[in-house]
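J.:
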Amino acid sequence: MLKAKIHHACVTETNLDYEGSLSLDEDLMKAADMLPYEKVHIYNVSHGERFSTYLIKGKKGSGEVGIYGAAAHKAGLGDKLIIVSYVFLDEEEVDFFRPKVLILGDGNQVVEVK
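To get our numbering, take the position in the sequence shown, counting from 1, and add 74.
1. Considering Val175, what are the terminal residues of the beta strand (DSSP E) in which it resides?
2. Cutting at 8 Å between CB atoms, please list the residues of its own chain near Lys134, excluding the five before and the five after it.
3. Along the chain, where does the beta strand (DSSP E) containing Glu87 start, and where does it finish?
4. Go through its chain and collect everything with a Cβ distance to Gln183's Cβ below 7 Å, but skip five positions before and after it.
5. Return the first residue and the last residue of the alpha helix (DSSP H) that Leu102 is part of.
6. Helix, strand or coil: which one does DSSP assign to His147?
7. Within a Cβ cutoff of 6 Å, which residues of the same chain sit near Tyr142, ignoring the five residues on either side of it in sequence?
8. Taking the alpha carbon of Met108 as the reference point, which residue from Tyr117, Thr86, Leu76 has its own alpha carbon closest?
9. Could you pull the start and end residues of the alpha helix (DSSP H) that Val119 belongs to?
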C-alpha cells in the first residue's frame, strides 16, 4: 500500500560524485512520516524517469531535494518529482490506513496535506 507521497518536489541539488541517495529536507520527511534510509521510489514528472533509492536527512527547513550518485543521471536541477514510499499491512489494517500525501509549492514548501 502507498504509505506516503510527496508531489511536485523540485530538485535543488545534484552530485554525481556522491555515494548515492536522495536528501530531503528533514521537515518534509517528518511531515510525510518518512525515515532516514527508507527506500523510496522516484517518479520524474519532468521527463518520465523512474528509479528507487533511499532517503538521507537534509537540512531542516531548507526545502532541499538532492539527487546524488548514479541517480543524478535520472533527474536534474529544477525537475519536478513525485517521491513515494510503500508499506506492507496486515489485512485488518487496510480499511483504516490512510497514506500521507503532501503537495508542494514554491521552495518545496508544503501547501496541502491530504
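Ideal Cβ placement from N, Cα and C applies to all residues, glycine included.
All figures in this text were calculated on a predicted structure; none of them were measured in a lab.
T.: Checking against the coordinates, here is how it stands:
1. Position 101 of the sequence shown holds residue 175. Segment 174 to 178, the beta strand (DSSP E) holding Val175.
2. Looking up residue 134 in the sequence shown gives position 60. Contacts found: Asp99, Glu100, Asp101.
3. By one-based count along the sequence shown, residue 87 stands at place 13. Looking at the DSSP string, the run of the beta strand (DSSP E) that includes Glu87 is 87 to 89.
4. As a first step, residue 183 is located in the sequence shown; it is residue number 109 there, counting from the start. Contacts found: Gly137.
5. Mapped onto the sequence shown, residue 102 falls at position 28. Element bounds for Leu102: 100 to 105.
6. In the sequence shown, residue 147 corresponds to position 73, counting from 1. Helix at His147.
7. Along the sequence shown, one-based indexing puts residue 142 at 68. Answer for Tyr142: Asn89, Tyr92, Gly94, Ser95, listed in chain order.
8. The residue you call residue 108 lines up with position 34 of the sequence shown. Among Tyr117, Thr86, Leu76, the Cα nearest to that of Met108 is on Leu76.
9. Taking the first residue of the sequence shown as 1, we reach residue 119 at position 45. Note, Val119: premise wrong, no alpha helix (DSSP H); not H, not E.
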